[in-house]
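In my numbering, the protein residues as written are 3 to 76.
Scroll down for the structure; my scribbles are underneath it.
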Amino acid sequence: MKLEIRKIGDSTGLILPKELLGRLNLGQGDWLHVTEAPDGSLRLTPYDPEFDRAITMMDELMVEYRDTLEALAK
Numbered sequence: 003m004k005l006e007i008r009k010i011g012d013s014t015g016l017i018l019p020k021e022l023l024g025r026l027n028l029g030q031g032d033w034l035h036v037t038e039a040p041d042g043s044l045r046l047t048p049y050d051p052e053f054d055r056a057i058t059m060m061d062e063l064m065v066e067y068r069d070t071l072e073a074l075a076k
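Quick look at the structure:
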């Protein structure tokens, strides 16, 4: 699916077609969560506050235990 980035007022936006909104079960005013994969691709999912909290917690743990995680990765 090819989407065009457009100027919307003083901002830049992406118009999501009705079909894509239906597949994501989203409507006007809903939020999207964007995650980046190791290959640089992006994944769009409906925003889930619980998932966001879990990701934030994991980011904090990874910073705190960076040395331990690096040692375990060897």
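Just so you know, even glycine gets a beta-carbon here, dropped at the ideal spot from N, CA and C.
### Task
Helix, strand or coil for P48, going by three-state DSSP, please let me know.
strand
### Query
Rounded to a whole number of angstroms, what is the C-alpha to C-alpha distance between G31 and I57?
23 Å
### Endpoints, beta strand (DSSP E) assigned at E38
34–38
### Message
Measuring only the C-alpha atoms, how far is E62 from V36?
### Response
19 Å
### Query
For E38, which residues from the same chain have a beta carbon less than 7 Å from its beta carbon, with the 5 sequence-adjacent residues on both sides left out?
L44
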